[in-house]
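**Q** Just so we're aligned, residue 276 is where the sequence shown starts under our numbering, counting upward by one.
Can you keep this structure in mind? I'll have questions shortly.
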Amino acid sequence: MKTLLLTIIWLFTTSLTFSQNRSEARTPERDNPAERFNFENMKTMDPLTGKVPYDELEKARGLMNNYFSVMAQIPGIEWKERGPNNIGGRTRALMFDPNDTTKKKVWAGGVAGGLWYNDDITSAAASWQKVSDFWDNLAISCIAYDPSNTQIFYVGTGEGYSNIDAVQGGGIWKTTDGGVTWKRLANTLPNFAVTSGQAFAFQAVQKIVVNSTGRVFTATKAGVWISTDGGVSWTVAPSIPSGGANSAFVSDLEIGSDDVVYASYGFFTSTASAVYKTNNVANDGSSWTANLFAFAGGRTELGLAPSTSGAGQIVYAANQNTGNNRINFMKKSMDGGTTWVDITKPTGGGTTGDITNGQAWYDLILSVHPTNPDLVFMGGATHARTLNATAALVSWNTFSYVTPMHPDHHAFVFRPGLPNEVIAGNDGGVYYSSNWGDASITSNNSINFSVRNKDYNVTQYYSAAIKNIANDGYVLTSAQDNGTHKITTAPGVIGSAAFVEDCCDGMSSFIDQNEPTIQIHATQGNWFQLHNESLNTNVTVVDNNYGTFINPADYDSQNNILYTYEGFDSGGPTYMSRSVITASPLGGVYNYFTFPGQFSVSFIKAAYAANTVFYGTRNGQVYKLSNIPTSGLPTSAPAPVLIMDMATLGTNGGFISCIEIGANDNELLVTCSNFNVKSVFYTNNGGVTWISKDEATYGLPNIPIRYALFNPLNRQEVLLATSLGVWTTNNITLGNPQWAPTNAKLAHVSCDQLRYRAADHTVVVATHGRGVFTTQLNQPNPCQTVMTLVAPYDNKTSGTTTFDKTQTISATNQISSTANVTMKAANSITLLPINPTDGSGGFKVDTGAVFYAYITGCDN
């Protein structure tokens, strides 16, 4: 389930205090977007302002296409997609392709996984094909086509509903050739540093509709914006709200067969609920009828009956109650919004007796049959159907919470010309029904639904673990609102996943590196289970509500100990669990210990030394806790030792996201996931001295760093999991490690975790939007084919840069000031004094700068 988000909280303390009641029982939840929002906000916010500067992430995305491969990355890394090819993920955008005469081709967008298409949605065997992993933004929120030229599609980006893992938008993309090529519309580029105006509005696009003349209407964070020239320029719709700071959040746009546009407003208590419609002859958005009816509430969803129009247009409306976030009311108008009456709202399907389960702000959708205005679908946490929507007393048939489709619905679309058939988008991906729109079927049990997620890899993972067995393909993964999975196909092969736990938000996952039958997975809070792979069953080890939403934990494979955080008492000690795990019989003995002080723990890492852990906090400190008691539990451990404090290292204290151990317990790498802080620190003397590896000229953009990994084969090499893929250095000990993206065959996607196995040097990365990928370290390093350095993107004014491992280099960049640049190629280096793309100045080295050129070899 989802839980209500009472307010949008921007200011957090960096230290969380709560009272620990040791008799407290765990309250199971399927999932909780409000807690996810608060957790992610705290993890990434600027510690100084308490706000998340999304503009910094957008700047970094804009730079990605201008990065070139440099010597500072680890050579030979090429990621291989592993799947899953059958699970899917949150989908808000669905559209049948208007150019497909069979009406079988469908376009879909993952909210963090990009745009995809399927050539035959009616066939379970048909695969989805991705458009691109390297758009500047993969947060697809909506899609629409131009009825005056069906080769033109528009795709909106950005989830505006404030769920924790919502990826902010990057504007609107457009195709003019039916989806073959795409281009971002320049005037929809958002600016996350502003709180009003056009650049604020396009931070998130909830809906796009296009009228019969090609006029484009968009539902944004600041009103309805309209384009009459195919998206080249935009104007805000007059006479309806368009203010900033979420005061004019448009939650839905619908367009009738007569081109009348209906716009609904509502966003918690920030935007007053309202419904407007265009009212002039052209319905061009220049004139609107004021609020069609007065009401109090939040998000409002509309449904238009396509078979009606004009004064007889039938409109349905559902509204969020901002007090309990359930359905506030349902209304209908039989006369185009002139008059409204209340209708019965569906109930049941969840634990609250409400179809949205108290999350109407997050998932709320209405859809009306193309030819039958009595047949209406409503989606929330579950979904319902009525066959008499125009009657005085409306009756609903509500489906169960978890069957026959995944919960949390965001889109219902009828197949053109064949309205018995319907597709649905939800947190589990895409589903198809061949008879949901058939009014002759009155029983829910007679309606069929089937999943359509073959190769639709948009799953949002928090973690991944692999067995320490060479050439083994097993991956244990934990996903947002999709539980925990296992992928068992051969290494390097995209495979399907089976559910290990079909509940809740999957969180941590571990596999013992000596005894691979020990597999541990977790859901939100502090619920950890052992998975019996052979029996496909689970055994609970830790089950209480003492930790945090994504609860810090680590597993010590050498000593078979699971450590989890369990909070602290106000004015008392901090708690940590210590569970002893056995492989035969598979089980665990839970206990806990305390240690002095109150610590908001953000990360735990088991040390090489027995009965020792390192832990990080939410305010930028790292501690070493030694001599953890092994008997007489529960009892107290000695006081921890502070070994790092970001506040003393020239930066604001932030959320410690990872502690990675190198050759021994004295070599440590610590990362922080907040914006506007130094994010990577290195020590080789146990914390006596720390060196920042994230300075302005070191290559890392200002983005969250979520995980780190030493290459055990060469610990000078380091991989970072970031909000924009994986970044690497080939020498962390250098003064400037020269970080560079290492996303070959990966994606511009947020990566949450990296894990390594020694048996064959495999690394797995868990992405939040594109499933899991693997690679192998220390592989042969083939030459790239061509590297073209084009000014002004590659102009160098400072620092040391080495371009390497390519067959040919063609350079038109300019080297000036104190820059030191080296180019190495296998075949040739061409220095062009004139830029061939525009005739401007090309390659140049100013006095004082240093340039070297070498013809060298690559591994091939």
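Just so it is clear, CB atoms sit at the ideal spot from N, CA and C, and this is done for glycine as well.
Could you say which of SER1073, ASN819, THR1093, THR456 lies nearest to ALA971 if we only look at CA atoms?
**A** For the purposes of this step, residue 971 is taken as residue 696 along the sequence shown, with counting starting at 1. Closest option to ALA971, Cα to Cα, is SER1073.
**Q** Locate the beta strand (DSSP E) running through TYR537, then write down its first and last residues.
**A** Locating residue 537 in the sequence shown gives position 262, where the first residue counts as 1. Note, TYR537: beta strand (DSSP E), 536-542.
**Q** Using a Cβ-Cβ cut-off of 7 Å (strictly less than) and excluding sequence neighbours within five positions of THR377, which residues of its own chain qualify?
**A** Position 102 of the sequence shown, counted from the first residue, corresponds to residue 377. Hits under 7 Å: none found.
**Q** Around the C-beta of LYS1020, are 16 or more other C-beta atoms found within 10 angstroms, so that it is buried, or is it exposed?
**A** Locating residue 1020 in the sequence shown gives position 745, counting from the first residue. So LYS1020 counts as exposed.
**Q** When DSSP builds the beta bridges, which residues end up paired with ALA366?
**A** Position 91 of the sequence shown, counting from 1, holds the residue named residue 366. Here the sequence assigns Thr to residue 366, which means Ala is not the residue at that position. Paired residue(s): GLY385.
**Q** Please go through the stretch 801-828 and give each complete beta strand (DSSP E) segment of 3 or more residues, from N-terminal end onward.
**A** Segments of the beta strand (DSSP E) lying fully in the stretch 801-828: 801-807, 812-819.
**Q** DSSP state of THR463, grouped into three classes?
**A** Stepping through the sequence shown from its first residue, residue 463 is reached at position 188. If DSSP states are grouped into helix, strand and coil, THR463 belongs with the helices.
**Q** Do you know offhand how far VAL750's Cα is from GLY800's?
**A** Start at 1 with the first residue of the sequence shown, and residue 750 comes out as number 475. Start at 1 with the first residue of the sequence shown, and residue 800 comes out as number 525. If I take the Cα positions, the gap works out to 23 Å.
**Q** Note down the Cα distance separating THR463 from GLU434, rounded to an integer number of angstroms.
**A** Here residue 463 refers to the residue found at position 188 of the sequence shown. Here residue 434 refers to the residue found at position 159 of the sequence shown. Straight-line Cα distance between these residues: approximately 15 Å.
**Q** Using the DSSP secondary-structure output, state which residues sit across from LYS355 in a beta bridge.
**A** Here the question's residue 355 lines up with position 80 in the sequence shown. For LYS355, which the question treats as bridged, DSSP gives the partners THR1049.
**Q** Who pairs with PRO1016 in a beta bridge, going by DSSP?
**A** Locating residue 1016 in the sequence shown gives position 741, where the first residue counts as 1. Bridge partners of PRO1016: TRP1002.
**Q** I need the straight-line Cα distance from ASN719 to GLY1044, nearest angstrom please.
**A** One-based indexing of the sequence shown puts residue 719 at position 444. One-based indexing of the sequence shown puts residue 1044 at position 769. In a straight line, the C-alpha of ASN719 is about 32 Å away from that of GLY1044.
**Q** Could you give the first and the last residue of the continuous alpha helix (DSSP H) run that contains LEU1107?
**A** Working through the sequence shown from its first residue, we reach residue 1107 at position 832. Premise fails: LEU1107 is in no alpha helix (DSSP H) and is neither H nor E.
**Q** Tell me the DSSP secondary structure of ASP330 in three-state form.
**A** As a first step, residue 330 must be located in the sequence shown, where it is residue number 55. Correct three-state label for ASP330: helix.
**Q** Between which residues of its own chain and GLY822 is the CB-CB distance below 7 Å, once the five residues before and five after are set aside?
**A** Stepping through the sequence shown from its first residue, residue 822 is reached at position 547. Answer for GLY822: GLY800, ASN801, THR839, TYR840, GLU841, GLY842, listed in chain order.
**Q** What are the start and end residues of the beta strand (DSSP E) that includes PHE475?
**A** Locating residue 475 in the sequence shown gives position 200, where the first residue counts as 1. It is not in any beta strand (DSSP E) - PHE475 instead sits in the alpha helix (DSSP H) that spans 473-476.
**Q** At which residues does the beta strand (DSSP E) containing ASN1070 begin and terminate?
**A** Walking along the sequence shown from the start, residue 1070 turns up at place 795. Looking at the DSSP string, ASN1070 is not in any beta strand (DSSP E), and its letter there is neither H nor E.
**Q** Would DSSP call PHE785 helix, strand or coil?
**A** Mapped onto the sequence shown, residue 785 falls at position 510. Note: PHE785 maps to strand in three-state DSSP.
**Q** Give me, in chain order, the residues of the same chain whose beta-carbon lies closer than 7 Å to that of THR1122; leave out the 5 immediate sequence neighbours on both sides.
**A** Here the question's residue 1122 lines up with position 847 in the sequence shown. Cβ within range, chain order: n/a, list empty.
**Q** Let's test the definition: count the other Cβ atoms within 10 Å of the Cβ of SER1208 and tell me whether it reaches 16, buried, or not, exposed.
**A** Residue numbering for the chain in the displayed model covers 276 to 1135; residue 1208 lies beyond these limits and cannot be assessed.
**Q** Name the residue from VAL525, THR1083, SER771, GLY925 whose alpha carbon lies nearest to the alpha carbon of ASP730.
**A** Residue 730 sits at position 455 when you count from the first residue of the sequence shown. For the residues VAL525, THR1083, SER771, GLY925, the minimum Cα distance to ASP730 belongs to SER771.
**Q** Quick check on SER948: buried or exposed, where buried means 16 or more other Cβ atoms within 10 Å of its Cβ?
**A** Against the sequence shown, residue 948 aligns to sequence position 673. The residue is buried, with at least 16 neighbouring Cβ atoms inside 10 Å.
**Q** I'd like the span of the beta strand (DSSP E) that includes ASP760, first residue to last.
**A** Indexing the sequence shown from 1 puts residue 760 at position 485. First, the amino acid is wrong: residue 760 is His here, not Asp. HIS760 -> beta strand (DSSP E) spans 758-762.
**Q** What does the Cβ neighbour count give for VAL768, buried or exposed, with the cut at 16 atoms within 10 Å?
**A** As a working mapping, residue 768 is identified with position 493 in the sequence shown. By the neighbour-count rule (16 or more Cβ atoms within 10 Å), VAL768 is not buried but exposed.
**Q** Counting C-beta neighbours from all protein chains within 10 Å, is the total for ILE618 16 or more, i.e. buried, or is it exposed?
**A** Along the sequence shown, read from residue 1 onward, the residue named residue 618 stands at position 343. Under this definition ILE618 is a buried residue.
**Q** Enumerate in chain order the residues of its own chain whose CB-to-CB distance from ALA300 is below 6 Å, with the five nearest sequence positions on each side excluded.
**A** Taking the sequence shown and counting its residues from 1, one reaches residue 300 at position 25. For ALA300, the predicted structure reports a pLDDT of 33, less than 50, and the residue's modelled location is therefore unreliable. The matter cannot be settled from this model.
**Q** If you draw a straight line from the C-alpha of THR302 to the C-alpha of LEU861, how long is it?
**A** Locating residue 302 in the sequence shown gives position 27, where the first residue counts as 1. Locating residue 861 in the sequence shown gives position 586, where the first residue counts as 1. Its pLDDT being 38, under 50, THR302 is placed unreliably in this model, and the value from its coordinates should be taken loosely. Spanning the two alpha carbons is a distance of roughly 25 Å.
**Q** Per DSSP, which residues does ASP617 bridge with? Please list them.
**A** By 1-based counting over the sequence shown, the position of residue 617 is 342. For ASP617, which the question treats as bridged, DSSP gives the partners LYS606.
**Q** When the Cα of VAL677 is compared with those of ASN728, ALA686, GLY623, which residue comes out closest?
**A** Position 402 of the sequence shown, counted from the start, is the residue given in the question as residue 677. When each option's Cα is compared against that of VAL677, the closest is GLY623.
**Q** Considering only residues of the stretch 904-965, which uninterrupted beta strand (DSSP E) runs meet the minimum length of 3 residues and lie entirely inside it, listed in chain order?
**A** Qualifying beta strand (DSSP E) stretches, in chain order: 916-920, 931-936, 943-947, 955-958.
**Q** Can you grab the Cα-Cα spacing for the pair GLY872 / ASN1053, in whole Å?
**A** For the purposes of this step, residue 872 is taken as the residue at position 597 of the sequence shown. For the purposes of this step, residue 1053 is taken as the residue at position 778 of the sequence shown. Approximately 43 Å, taken between the alpha carbons.
**Q** If you draw a straight line from the alpha carbon of ALA1015 to that of ILE934, how long is it in whole angstroms?
**A** Taking the first residue of the sequence shown as position 1, residue 1015 is located at position 740. Taking the first residue of the sequence shown as position 1, residue 934 is located at position 659. Approximately 21 Å, taken between the alpha carbons.
**Q** Inspect the CB distances between the stretch 813-833 and the stretch 875-889 and report whether three or more fall short of 8 Å.
**A** With the cut-off at 8 Å, the stretch 813-833 and the stretch 875-889 touch.
**Q** For PHE604 versus PHE652, is the C-beta distance shorter than 7 Å?
**A** As a position in the sequence shown, residue 604 is number 329, starting the count at 1. As a position in the sequence shown, residue 652 is number 377, starting the count at 1. Their beta carbons are not under 7 Å apart, which means PHE604 does not touch PHE652 by this criterion.
**Q** Considering ARG1032, what are the terminal residues of the beta strand (DSSP E) in which it resides?
**A** Within the sequence shown, numbered from 1, the residue matching residue 1032 stands at position 757. 1026-1032 is the span of the beta strand (DSSP E), which, as asked, contains ARG1032.
**Q** Apply the 10 Å Cβ neighbour rule to PRO694 and answer buried if 16 or more other Cβ atoms are within range, or exposed otherwise.
**A** For the purposes of this step, residue 694 is taken as residue 419 along the sequence shown, with counting starting at 1. Buried is the call here.
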